[in-house]
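What follows is a set of notes on a single structure, which appears directly below.
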Amino acid sequence: MFDYGRYTPYVLTSYGIAAAVIIGLIVWSVVRVTSAKKKLDAIEPANKDAAP
Amino acid sequence: MAVMSIFANPHRFMAVSKWFAWGFTALGSVVILIGVYFGLFVVPPDAVQGDSARIMFVHVPAMWLCLLAYAFMVGASLISIVWRHALADVAAKSAAPIGAGVTALGLITGSIWGYPTWGTWWEWGDARLVSVLVLFFIYLGYMAIWQAMETPQKAARAAAILCLAGAVNLPIIHFSVEWFATLHQVSMKASNEFKYPMYVVALGYLALFGGLTLLNMRAEIMNTRAEMLAQRRQATAG
Amino acid sequence: MSGSFSVFARELKLAWSGGGGAALPVGFFAAASSITPFAVGNGVENLKVAGPGVMWIALALASLLPMERLFQADLEDGTLDAYAGSGIGMEGIALAKTLAHWIATGIPLAIIAPVLWIMLQGPPEASWFVIVFSLIGSAAFFFFGSIGAALAAGMRRGGLLIALVTLPLYVPTMIFGAAGLYAAASGGEWAAPLMLTAAAALFGIATSSFAAAMALRTAID
């Protein structure tokens with residue numbers, strides 16, 4: 001599937017690191033905002049069912 | 001107190017940002033995937049550099065974004081210093097980790113691209129490489145200030161000052177390195193038919209940056225509001 | 001004007017006496033330069049390659065040492081608040097303090113630099129260059145450092161933050177100053193690096209007091 005000659009490991013590693021960083025940033029942000037919402041809802045149940 | 005007002009009544013920002021935050025995150029992710037698909041499977045190898053040039057599709061947009069994120073932070077810091085608007089502080093603080101992440105991504109992918117293409121993992125004589133490396137340290141220093149300062153208000157002021165000082169310093173650093181070692185001019189000559197996935201990925205990165213910054217701003221505001229309410233509750237209960 | 005001059009005079013006296021004055025940074029500068037041959041090799045050729053650069057780094061780090069104390073004491077005992085209310089202007093205060101510390105510590109560093117230069121097998125005839133570069137460079141390092149010192153004022157153990165924040169600001173001075181020292185050692189073109197190092201220092205002197213003042217005003221709030 002991936003055949004880039006002698007560059008294959010370089011291309012794949014680069015895309016792999018890009019994926020890791022981007023997915024990492026997304027996961028970190030989503031976890032942060034959902035846990036913040038949980039924390040706020042415990043104290044202020046006003047908008048509990050709204051999205052975080 | 002203008003500083004506290006955004007946390008006392010964040011409803012307008014929270015209401016407006018909700019759809020943009022999640023929407024841009026999802027949209028950006030999809031667009032990046034599309035661009036990556038084009039970059040890895042659709043375009044034929046570049047005439048000059050072969051398949052190694054595919055790395056540019058994730059590397060170059062990362063470099064664009066790292067500068068854009070810092071420019072965003074500079075703008076927010078200026079607003080913070082001049083108008084003292086707390087939302088600007090939250091915006092700058094939220095953008096920083098994302099900017100730092102893509103800066104690291106750009107540096108690493110650039111290094112990996114450099115090795116098979118030009119035979120070297122790093123080049124101290126290249127003003128862009130060195131400037132971006134220094135920018136990465138400025139990001140780290142910026143985030144350290146938010147962690148280290150006693151109160152968020154002091155951290156916000158100090159961080160804004162550092163952000164602006166860094167902005168002034170970066171062109172000077174770029175010039176200094178260029179002056180010191182005009183070694184090689186690395187030109188990335190590739191045809192436009194080859195390069196288009198790069199622009200797709202760039203748009204995806206941009207949308208993702210917007211979405212993630214907004215998500216982190218929402219998290220920041222919710223956390224601060226929760227702490228404020230908890231303190232108030234403790235004060236009235238005691 | 002007399003107000004700022006008396007502030008400056010006080011700062012000079014304090015900088016000279018407080019904490020042994022220049023002794024610690026000068027000692028560090030000498031020590032760091034002295035262990036260089038152990039790390040890079042003690043042959044003349046090795047030292048010609050590494051000596052000037054390492055000495056310049058040692059000068060930068062030695063200039064960083066007094067930064068933690070620059071504003072800390074006056075912040076803690078309320079003197080900064082008194083200065084703020086005195087009408088002199090925080091920019092002038094920051095300038096006066098940094099200038100005083102540079103005179104008390106930076107000039108001694110520059111004076112001892114040629115001794116270390118010769119120890120690291122640098123050509124003795126370049127000693128005047130070394131003094132001039134070190135005077136200008138230490139001024140740049142002190143004034144850029146004052147920005148970090150002001151940002152971290154009021155923090156316990158702010159030294160690490162000062163270093164992290166200040167080192168990016170040091171990069172142009174690093175590049176031009178070291179280039180000048182290498183040129184002085186090999187008899188090459190030293191005028192351009194000298195001009196550029198001086199430009200970096202002047203830029204630091206001109207702009208640092210504004211950034212430091214902003215940070216100090218935040219710290220005393």
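One line per chain: the protein sequences are A, B and C, in this order. The numbering of the first sequence is our numbering, which starts it at 1 and goes up by one. The numbering of the second sequence is our numbering, which starts it at 1 and goes up by one. The numbering of the third sequence is our numbering, which starts it at 1 and goes up by one. Positions of the beta carbon are idealized from the N, C-alpha and C atoms, including for glycine. In this text, all values refer to a predicted model and were calculated from it rather than measured experimentally.
Asked: For a contact meaning CB atoms closer than 8 angstroms, what does T197/C contact in chain B?; Found: What T197/C touches in chain B: nothing, since even the nearest Cβ is about 10 angstroms away.
Asked: Quick check: what's the CA-CA separation for F175/B versus S52/B?; Found: 29 angstroms
Asked: Using CA coordinates, which residue listed in I173/B, N216/B, P61/B and Q49/B is at the minimum distance from Y15/A?; Found: P61/B
Asked: Which residues of chain B have a Cβ atom closer than 7 angstroms to the Cβ of A211/C, listed in chain order?; Found: I161 and A165
Asked: S176/B touches chain C at which residues, Cβ-Cβ below 7 angstroms?; Found: V171, P172, I175 and F176
Asked: Does DSSP put G51/C in a helix, in a strand, or in coil?; Found: helix
Asked: Do the region 138 to 148 of chain C and the region 101 to 108 of chain C make contact, defined as three or more Cβ pairs closer than 8 angstroms?; Found: yes
Asked: Apart from the five residues just before and just after F176/C, which ones in its own chain have a Cβ nearer than 7 angstroms to its Cβ?; Found: P193, L196, T197 and A200
Asked: Note down the Cα distance separating T120/B from W113/B, rounded to an integer number of angstroms.; Found: 9 angstroms
Asked: Who are the near neighbours of W190/C in its chain, counting only those whose CB is closer than 7 angstroms to its CB and skipping five residues on each side?; Found: F129, G180, A183 and A184
Asked: Would you decide whether F38/C is buried or exposed? Buried here means 16 or more other CB atoms lie within 10 Å of its CB.; Found: exposed
Asked: Check whether the Cβ of M67/C lies closer than 9 angstroms to any Cβ atom in chain B.; Found: no
Asked: Sort out for me which residues DSSP pairs G50/B with in a bridge.; Found: D46/B
Asked: Measure from the alpha carbon of L216/C to the alpha carbon of each residue in G154/C, N46/C, L161/C and M55/C, then state which is nearest.; Found: G154/C
Asked: Jot down the residue ranges of each uninterrupted alpha helix (DSSP H) in the region 98 to 145 of chain C, minimum 4 residues, whole runs only, in chain order.; Found: 107 to 119
Asked: Just the Cα atoms here: how many angstroms apart are H184/B and V132/C?; Found: Since pLDDT at H184/B reaches only 36, below the 50 mark, its modelled position is unreliable, and no value is offered.
Asked: Does any C-beta atom of chain B lie closer than 9 angstroms to the C-beta of F203/C?; Found: yes
Asked: If the cut is a Cβ gap below 7 angstroms, which residues of chain B does I147/C touch?; Found: A165
Asked: For the alpha helix (DSSP H) that M174/C lies in, which residues bound it at each end?; Found: G159 to S186
Asked: Just tell me which of L75/C, R69/C and S2/C has its CA closest to the CA of D221/C.; Found: L75/C
Asked: Any idea what DSSP makes of P10/B, helix, strand or coil?; Found: coil
Asked: DSSP three-state label for P52/A, please.; Found: coil
Asked: I'd like to know if P45/A contacts chain B, where contact means its C-beta is closer than 9 angstroms to some C-beta of that chain.; Found: no
Asked: Against chain C, which members of the region 47 to 78 of chain B pass a CB distance test of less than 7 angstroms?; Found: none
Asked: What does the alpha-carbon distance come out to for the pair E123/B and W179/B?; Found: 15 angstroms
Asked: Tell me whether K38/A is buried or exposed, calling it buried when 16 or more other Cβ atoms sit within 10 Å of its Cβ.; Found: exposed
Asked: So E189/C is in the alpha helix (DSSP H); what residue range does that whole segment cover?; Found: Run containing E189/C: none; DSSP gives neither H nor E here.
Asked: Return the residue from the list Q72/C, L65/C, T166/C and L160/C that minimises the CA-CA distance to T105/C.; Found: L65/C
Asked: Spatial neighbours of Y37/B within its chain, please: CB distance less than 7 angstroms, with the 5 preceding and 5 following residues excluded, ordered by chain position.; Found: none
Asked: Which of the three DSSP states is assigned to F192/B in this structure?; Found: With the sequence shown as reference, residue 192/B is identified as Asn, and Phe is not the correct amino acid for it. Residue state, collapsed to three classes: helix.
Asked: At 4 residues or longer, what runs of the alpha helix (DSSP H) sit wholly inside the region 61 to 124 of chain B?; Found: 86 to 118
Asked: How would you write the range of the alpha helix (DSSP H) that I26/A sits in, first residue to last?; Found: T8 to I43
Asked: Measure from the alpha carbon of A149/C to the alpha carbon of each residue in Q72/C, G41/C, P124/C and A31/C, then state which is nearest.; Found: Q72/C
Asked: Assign P66/C to one of three DSSP states: helix, strand, or coil.; Found: coil
Asked: Quick check: M143/B and G106/B, are their CB atoms within less than 9 angstroms of each other?; Found: no
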